[in-house]
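Shown next, in structure tokens, is the structure this report addresses.
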Amino acid sequence: MTRRILLISLILLAIFAITACRPESVAPPTTQGAPAEPTQTSEPLTIKYPGDDWGYPSPFAFYPRGPGYTRMSFLFDTLVWKDEEGIIPWLAEDWQVSDDGTAWTFAIRSDVKFQDGEPLTVEDVVFSYAFFKEHMTAFKWNASLEKVKGVEAVSENGVAITLKEPFAGFLNDTAGSIPILPKHIWEDVEDPAKFAEPEAVIGSGPFTLTDYNREEGRYVYEANEDYFKGRPIIDRLVFVKVSDEALALETGTVDAASFWGKEIDVVKELRSDGTFEVLEGPSFWVLQLVFNTANPPFDKANVRQAVAQAIDRQNIVEQVTHGGAIVANLGIISPHTDWYNPNLPTYKHDTAEAKTFFEEQGLTTKPLTLITTANFAREAEMVKQDLEAVGLAIQLKTGDRTTVDTLLREGNFDLAINGHGGIANPSILDTPDWPAATYKNEMYDTLFAQQAQAVDQEKRRELVWQLQELLAEELPILPLYHPRMWLLYDGSKLDTWFYTAGGMSVGIPIPLNKLAFLPR
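If you're matching positions, the sequence shown starts at 742 in the numbering used here and goes up one per residue.
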């Protein structure tokens, strides 16, 4: 008996020793295009991205620019969405449109829940469109509901949306941009812009918001376990404010970061050792010189054309961006879309000819004001030098983004240098919505209205090309350059990043499409 006990003890000791020497279980290797599947012993997968404060991410409180909309889109869904190739079904699994383009019917999914557990129904869709239409002044995003005549439930999962007139951009600009609200939360809200309770960020999206700090620009999103497209492939998405994005990437403070145009030298340095994956894409953005066409001397097209001759745009691209941009299309639309017209006139840089023109017109004595933000001070200095070389007196003034935007809207300027996104979308050419708000032209307005109602895409493209021809001739603005864009990221943590075809919603270029964080 003693011998048997000793034998059993030795066997148990051997088993313990073998078990103690085994390595801890690890996650299986990452497959192409997806992160590793987490195991019981793995840490939650957190992806950190550089950020700033873009407002509380409710549909009515985010700041009305691309990063603000993007932060809201992690929490709320739309009827349709976009991937790498274009528009795809989302909350609506199918849709039909009448021959005249004024009647749309959407089949709403029946398996969607809001993050508080309540089901999303057709009543929420009907309510959302009516609520946004009633409160459009509070919803500052460029997602037009002006042409919506009525919305009604036509079946248990069917919603009919009737338009006052055909709207060519409806599927992208409206159905793909208006977030669907939970009626049971918002129906008693009287002032949505001031509604900042925790319930204001409950949507049906793939993430829930667990932390928001305005001062630190921090957003923390947790995976929605019950998302109708499947649980996100990451556990947490965090935006953190950093002073140096390149350094933050190198030190692991963030796992991915975007760089634009003038940051090409940083991109070259970071990619040189092969540590980071690099994804290059179009920015759908333009830097432009804006003319106040309501006041002399820029109320005349020939004066604006002479300015185009005076400014060496290629030199600006080379000296300021070091090849991180391309000289801009005079029709504004991005050359990376099907809407781009490649046959536009150009204005060859000719200092002598421009100088002669301004002297003959007697325009070389009146001082003109050029406004911009600090971000584009270098470009403004080069524009100033080119214009002074042809005899114009230029006073350069810089201000913050809000100040410059206000001066542009008020028409309180002579010249301005400002950026403009969303240029993959023809709808962006609606003059009240872009910086050339002082420009008035009946032919332009007619062409824009015609393309907006063109249900046939080829007909619409023809009209959009004509719009670009008119812009290139009239020059209410002089596009300077289109920056290139890069995403650098740690591929060992996540390798599903991509650029959205035409940009998210009305043309947001940044590679933060929520699809990058979902199983596909």
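Backbone N, C-alpha and C define an ideal beta-carbon position, used for all residues, glycine too. Please read all numbers here as calculations on a predicted model, not as lab measurements.
Worksheet entry | Whole beta strand (DSSP E) elements within the region 869–897, 3-residue minimum | 889–894
Discussion item. For P1086 and R1045, I'd like the C-alpha separation in whole angstroms.
Written reply: 14 Å
Worksheet entry | Whole-angstrom distance between Y1180 and T951, CA atom to CA atom | 45 Å
Worksheet item: If we ignore side chains and look at the alpha-carbon of each, how far apart do I788 and E1010 end up?
Response: 23 Å
Item to complete: Would you identify the three-state DSSP class for S1024, choosing helix, strand or coil?
Response: coil
Worksheet item: In angstroms, rounded to a whole number, what distance separates the CA positions of P1167 and V1205?
Response: Using only the alpha carbons, I get a separation of about 7 Å.
Practice prompt. Using only alpha-carbon positions, find the residue among L816, Q1194 and S851 that is nearest to D840.
Written response: Q1194
Fill in: Pairwise C-alpha distance: I919 and E1004
33 Å
Discussion item. Buried or exposed, going by whether 16 or more other CB atoms sit within 10 Å of the CB of K1089?
Written reply: exposed
Worksheet entry | Nearest residue (CA-CA) to K1107, options L1235, I1135, T862 and Q1050 | I1135
Worksheet item: In its own chain, which residues sit with a C-beta less than 8 Å from the C-beta of E859, not counting the 5 before and 5 after it?
Response: If you ignore the 5 residues before and after E859, its C-beta comes within less than 8 Å of the C-beta of P923 and H925, all in its own chain and listed in chain order.
Worksheet item: Taking the alpha-carbon positions, what's the V863 to R1012 distance?
Response: When rounded, the distance between both Cα atoms is 48 Å.
Discussion item. Can you find the residues in the same chain that come closer than 8 Å, C-beta to C-beta, to V892, ignoring five residues on each side of it along the sequence?
Written reply: Residues V866, V867, Y870, A871, V900, A901, I902 and T903 of the same chain have their beta carbon placed closer than 8 Å to that of V892, with the five preceding and five following residues left out of the count.
Fill in: Beta carbon of S896 nearer than 8 Å to that of I921
no
Item to complete: Specify the secondary structure class of Q856 as computed by DSSP and reduced to three states.
Response: coil
Fill in: Where N954 falls: helix, strand or coil (DSSP)
The three-state secondary structure of N954, taken from DSSP, is strand.
Worksheet item: Are there 16 or more other CB atoms within 10 angstroms of the CB of M1184, so buried, or fewer, so exposed?
Response: exposed
Worksheet item: Near D888, what residues of its chain come up, given a Cβ to Cβ distance below 7 Å and the 5 sequence neighbours on each side ignored?
Response: In the sequence as displayed, the identity of residue 888 is Lys instead of Asp. Counting only Cβ-Cβ distances below 7 Å, and skipping sequence neighbours, we find L904, K905, E906 and F908.
Fill in: According to DSSP, residues forming a beta bridge with D835
Answer is A848.
Item to complete: For N965, count neighbouring C-beta atoms within 10 Å of its own C-beta (all shown protein chains included) and say buried if the count is 16 or more, exposed if not.
Response: buried
Practice prompt. Tell me, please, which residues DSSP counts as bridged to L1229.
Written response: DSSP lists A998 and V1019 as the beta-bridge partner residues of L1229.
Discussion item. Between L1216 and A1042, how many whole angstroms is the CB-CB distance? I'm expecting something under 8 Å.
Written reply: 6 Å
Worksheet item: In terms of alpha-carbon separation, which member of N913, N1116, D1155 and V1068 lies closest to P1220?
Response: V1068
Worksheet item: So, using beta-carbon positions, are V1058 and M1123 closer together than 8 Å?
Response: no
Discussion item. Just to confirm the assignment: which complete beta strand (DSSP E) runs, minimum length 3, are found wholly within the region 901–983?
Written reply: 948–954, 959–964 and 977–981
Practice prompt. Compare the C-alpha of G1162 against each of D985, P933, W882 and N1082 and name the closest.
Written response: W882
Worksheet entry | Supposed close pair A997, W1238 - CB separation, criterion 8 Å | 7 Å
Worksheet entry | the region 926–938 touching the region 792–806, judged by at least three CB pairs closer than 8 Å | Yes, the region 926–938 touches the region 792–806.
Practice prompt. Give the straight-line distance between the Cα atoms of T1144 and A1157, rounded to the nearest whole angstrom.
Written response: In this structure, the alpha-carbon of T1144 lies about 12 Å from that of A1157.
Worksheet item: Since F1099 and A1047 are thought to touch, with beta carbons under 8 Å apart, how far apart are those beta carbons, to the nearest angstrom?
Response: 6 Å
Item to complete: Tell me, to the nearest whole angstrom, how far the beta carbon of Y810 is from that of I1249; I am working on the premise that it is less than 8 Å.
Response: 6 Å
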